[in-house]
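Trainee: Once you know that position 289 of the sequence shown is 290 in this note's numbering, the rest is easy, because the numbers rise by one and skip nothing. Cβ atoms here follow ideal geometry from the backbone N, Cα and C, with glycine treated the same way. No experiment lies behind these values; they were computed from the predicted model shown.
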Amino acid sequence: MNTHQTVLTLPTDVAGVRIGFIGAGRLGQALAWSLAHTGLKVVAVSSMLEEHARALAAPIAACVCMSPQAVVDACDLVFVTTPDSVIGATCDSLTWHSGQAVVHCSGVTDVGVLTHALTQGASIGGFHPMQTFGDPHAAAQSLPGCTITVEAGQAELMQLLLALVERLHCVPNRLPAGMRGRYHAAAGYTSQFINALFDQAVRLWQTWGATEEEALRALLPLAHGTLSAIQTAGVACGMPGPVSRGDLSSIDKHLSAITPMGPEMLDFYRTLCSVTVPLARQAGGIDEVQAQKFIDLLKA
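If you want it as structure tokens, here you go:
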């Protein structure tokens, strides 16, 4: 239960909001630099690893604080960019107050993990950039144009988060409460699962002596073309390949070729190919009779 009245009292101009970061990993660094480069006031940072805090702070002249509580005490808006597993414990260990806000940047962790701050009068929310953060400098460069998912229970905080998205030249996505698991899983399909698909394709190329580099040189343009088609025509109508044109014979040959690779790869191919059948039907590339023939072949 919220034992304090939650009232967000921030400067009317977003440029006057004092922003702090608890956690200075790759995401924290990229986001802090990006916000600062738009003219916003990133004033304080703390991290379990002091060298990370200094790496974040140095380019933007932020203060390196010796404790997370010092960040909370100095800031109006605090981003918790720690590993997901310690977001809740980090929030619970701190003293918050009415008039400030705390948000985490996890895609999958529920905003409710920040409830301790809410009970002390702070506003809570989520701010998740849908971007990879392998290298913070590269991530900061590629952040403009990406989608940032925002969640907040209070209208004033939602307005602030949307203003930050706009300053970053990103696209806002409002997420209803309780949907973070599905949302994050969806992101996984179009990020790390692509690596799994390429792994399977590369393994097939390697059976005739090709290297991974050679396989990727051939396959990446194909993937780029498919993504371009999806962007233009949508998921179903942008799908290429034999199922989309009713080519049952090619799929039969694929199954025969993959069978010697073992049941795991074969089952994976069958599962993926089965998912494409209703897409081809939706796009009008095959009729119901053809769709059933594909289904029967893939189940055989």
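Which term fits residue 194, buried or exposed, when burial requires 16 or more other beta carbons within 10 angstroms of its beta carbon?
Mentor: With fewer than 16 Cβ atoms within 10 Å of its Cβ, residue 194 is classed as exposed.
Trainee: Closest Cβ-Cβ distance between residue 64 and chain C: below 8 Å?
Mentor: The chain labelled as chain C is not found in the depicted structure, where only one protein chain is given.
Trainee: Could you spell out the range, first to last residue, of the alpha helix (DSSP H) harbouring residue 295?
Mentor: Unbroken alpha helix (DSSP H) run through residue 295: 289 to 300.
Trainee: Compute the beta-carbon to beta-carbon distance between residue 123 and residue 101, rounded to the nearest angstrom, for a pair I have assumed lies under 8 Å.
Mentor: The pair is a contact, with the Cβ atoms about 5 Å apart (cut-off 8 Å).
Trainee: Report yes if the C-beta distance between residue 63 and residue 81 is below 8 Å; otherwise report no.
Mentor: No, the pair does not count as a contact, with Cβ atoms beyond the cut-off.
Trainee: For residue 25, collect the residues of the same chain with a Cβ closer than 6 Å to its Cβ; drop the 5 residues on either side in sequence, then sort them by chain order.
Mentor: Cβ neighbours of residue 25 beyond the five flanking positions: 46, 48, 53, 54 and 57.
Trainee: Give me, in chain order, the residues of the same chain whose beta-carbon lies closer than 7 Å to that of residue 294; leave out the 5 immediate sequence neighbours on both sides.
Mentor: Only 249 meet the Cβ criterion.
Trainee: Who are the near neighbours of residue 174 in its chain, counting only those whose CB is closer than 8 Å to its CB and skipping five residues on each side?
Mentor: Closer than 8 Å at Cβ, skipping near neighbours: 131, 148, 149, 150 and 151.
Trainee: Pull up the distance between the alpha-carbon of residue 205 and that of residue 219, whole angstroms please.
Mentor: C-alpha separation (whole angstroms): 13 Å.
Trainee: Using the rule of at least 16 other Cβ atoms within 10 Å of the residue's Cβ for burial, across every protein chain shown, is residue 12 buried or exposed?
Mentor: Exposed: under 16 other Cβ atoms inside 10 Å.
Trainee: Taking the C-alpha atoms as reference points, what is the distance between residue 235 and residue 258?
Mentor: The straight-line gap from Cα to Cα measures roughly 30 Å.
Trainee: Is it buried or exposed for residue 200, if we count other Cβ within 10 angstroms and need 16 for buried?
Mentor: The residue in question, residue 200, is exposed, as its Cβ has fewer than 16 Cβ neighbours within 10 Å.
Trainee: May I ask you to report which of helix, strand or coil DSSP gives residue 170?
Mentor: In this structure, residue 170 counts as coil in the three-state DSSP scheme.
Trainee: In the DSSP output, which residue or residues are listed as bridge partners for residue 130?
Mentor: BP columns for residue 130 point to 149.
Trainee: Is there contact between the stretch 15 to 31 and the stretch 112 to 119, where contact requires at least three CB pairs shorter than 8 Å?
Mentor: No: fewer than three Cβ pairs fall under 8 Å.
Trainee: If I measure Cβ to Cβ from residue 69 and keep anything under 8 Å in the same chain, skipping five residues before and after, which residues do I get?
Mentor: The answer, listed in chain order, is 23, 47, 91, 94 and 95.
Trainee: I'd like to confirm the pairing. Which residues does DSSP put opposite residue 9 in its beta bridges?
Mentor: According to DSSP, which records beta bridges pairwise, residue 9 is partnered with 100.
Trainee: Output the distance between the C-alpha atoms of residue 143 and residue 128, rounded to the nearest integer angstrom.
Mentor: For residue 143 and residue 128, the distance between alpha carbons rounds to 17 Å.
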